[in-house]
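For the sequence shown, the positions run -31 to -1, 1 to 437 when mature numbering (1 follows the signal peptide of the UniProt record, and there is no 0) is used. Each residue gets a CB set at the ideal place from its N, CA and C atoms; glycine is no exception. As structure tokens, the structure follows; a few thoughts come after it.
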Amino acid sequence: MRHLPRVGAALSALVLTAPLLALINPGTAIAVPTPYTSAASGRCLDVAGASTTQGALIQIYDCNGGANQAWDLTPAAELRVFGGTRCLEVPAGQTAPGTRPQIANCTGGAGQKFRLNSDGSIAATQTGLCLDVANAATTNGSAVLLWNCNGQANQRWSAGGGAPQPACSATPVGPNSTTQARKLLCYLYSQYGNHILSGQQESTWIGGPEYEMNHIRNNTGKLPAIRGLDYGDSKDLAPRAITWWQAGGIPMIGYHMGAPTKPDTYEGSQMTVSINAVLTPGTAEYTSFIQRLDGAAGMLQQLKNSGAAVIWRPFHEAGGTWFWWSKEGGGQYNRLWRFMFDYFTRVKGLNNLVWLHGYNGSPQSSFYPGKSYVDVGGADTYAGNGNYDPLKPMYDSVRNIVGGTIPIALHENGPIPDPDRLQSSGARWVLFGTWHGNHLTQSNSVSHLQKVYGHSYVITRDELPNLR
């Protein structure tokens, strides 16, 4: 069983109350023991079961004023609890990330020394690892362990029960974004370069919309963090997307929009239409385009009404010559993207969206609408059954266009890149979105799925923080 930590959403910051300011200067003792609350959950650093037994582990729990939640950092850099009768320590000889700290008799040993980092995390001086709420969990009883310091909310602590304050500076490009959309984008930023979110596209015709999810769960015991849906495939997707959100997952919705006046189907999306006509009021193409935008907006409004945020992925595989929106070059493509963006955000008031712009496998800068219209970059390719390459050159191509300041998604894939190779190569995809049907079941062996969904680098649905 895997019990490795997950960095949580960078949604909260340290409140430097007087006791924590004393921590910054270890020469100043804290006058009275104080609770420490997790910035991610508001729950307190807690000795499990209020046990004073040597070897008792620590967790987070509702703050209750108990002696097992009252901590004192001494001038000797010890974290004492239970009125100073026990010290927090790293078990002897254990230096690896994932180690569970425990309480013990105070000895003054190196394993009982702790310091406060400038970002509010608390590190064991012997190992340099930080106190981390495992899996970015927020529920009572969630384990606290030691992990590589990363500054995320599940590693930041505030003293005296002070309420954490917002810290994430990333805001969605849409105006007046909902709290949920801001949380979602901040979470993507917090994971970018640290983990990859698992994603799976549904089908609705291979045995029902749960076919792919059941295949993953039956073989791995997990579900993907992201459920991919497509308004072109299923006009009635909103209830499934809402249910996924309410269960703790993230919906990512695309739209294989048929060329205006052509069938609104996958086949229609590959037909040809004049984009000038599509964007000219009074034409049949414009009327058809607005009708289709209105239909998609109504679906997205249902998610907004339910409190759900959405990764919105329109006009994907930008630069390819197969979909109507890319057939006339980057200038015309960008006109379409910006029109939809303005119509959805300013006319329809859809402020629950995180806008994902996805290239095809050969990203071209001329097809980039601009940073003012894009929250997350991306690209896709289908590498061939069993080819678990990290796709680093394609990642680099996107990064060279969008820069290093926004997350980059592998928004569609067949074979899922090997997590070990993702880490070793530096291909920092923030998420993958495995396509449906055979792209899941034949492009990925069961043993590979088990490796991916059991890997410490891969975020699954049960490991997401509360974004609601």
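- For A112, the closest C-alpha among the options Q149, S146, Q71, G89 is that of Q71.
- Contact between the stretch 261 to 270 and the stretch 315 to 324 is present, with at least three C-beta pairs closer than 8 angstroms.
- Taking the Cβ atoms as the reference, V16 lies roughly 6 angstroms from I27, within the contact range of under 8 angstroms.
- L198: member of the beta strand (DSSP E) spanning 195 to 199, first to last residue.
- The straight-line gap separating the alpha-carbon atoms of V343 and G110 is approximately 38 angstroms.
- Per DSSP, T148 lies in no beta strand (DSSP E); the unbroken alpha helix (DSSP H) holding it starts and ends at 148 to 160.
- Within the stretch 212 to 300, the complete alpha helix (DSSP H) runs of at least 4 residues fall at 235 to 238, 244 to 247, 253 to 274.
- Using a Cβ distance threshold of 8 angstroms, N119 and L98 do not count as a contacting pair.
- Distance from the CA atom of S127 to the CA atom of I195, rounded to whole angstroms, is 31 angstroms.
- The beta carbon of G276 is closer than 7 angstroms to those of Q149, R437 in its chain, skipping five residues each way along the sequence.
- In the DSSP assignment, T429 falls outside any alpha helix (DSSP H) and carries neither an H nor an E.
- With respect to the C-alpha of L114, the residue from K82, Q260, K340, V59 having the closest C-alpha is V59.
- Distances from the CA of S243 to each of Y364, R304, Y224, K204 were compared; the closest alpha carbon is that of R304.
- Looking at the DSSP output, L85 sits in a beta bridge with I91.
- Here P4 is buried: its Cβ has 16 or more other Cβ atoms, across all protein chains shown, within 10 Å.
- Proximity to G52 across P2, F336, T107 peaks at P2, based on C-alpha coordinates.
- For Q392, the closest C-alpha among the options Y161, I219, S90 is that of Y161.
- Distance check between N145 and each of S20, N321, G168, G223 places N321 closest, using alpha-carbon atoms only.
- According to the DSSP assignment, S127 belongs to the beta strand (DSSP E) that extends over 126 to 128.
- Put simply, the stretch 293 to 312 touches the stretch 229 to 241. At least three CB pairs are less than 8 angstroms apart.
- Looking at the DSSP output, Q170 shares a beta bridge with G197.
- Each of L14, D41, T22 was checked against the Cα of N33, and the nearest Cα belongs to L14.
- The alpha-carbon of S414 is positioned some 54 angstroms away from that of T54.
- Bridge partners of F401 according to DSSP: L379.
- Closest option to A265, judged by alpha-carbon separation, among G217, T252, F284: F284.
- Non-local beta-carbon contacts of L248 in its own chain, meaning distances under 8 angstroms to residues more than five positions away in sequence, involve Y255, F258, R304, L305, F308 in chain order.
- The alpha-carbon of R430 is positioned some 11 angstroms away from that of Q169.
- In the DSSP assignment, E58 falls within the beta strand (DSSP E) that extends over 55 to 58.
- Around the beta carbon of G24, fewer than 16 other beta carbons lie within 10 angstroms, which makes this residue exposed.
- The beta carbons of H184 and L42 sit no closer together than 8 angstroms.
- As computed with DSSP, W306 is found in no beta bridge at all.
- Boundaries of the alpha helix (DSSP H) around S366: 361 to 371.
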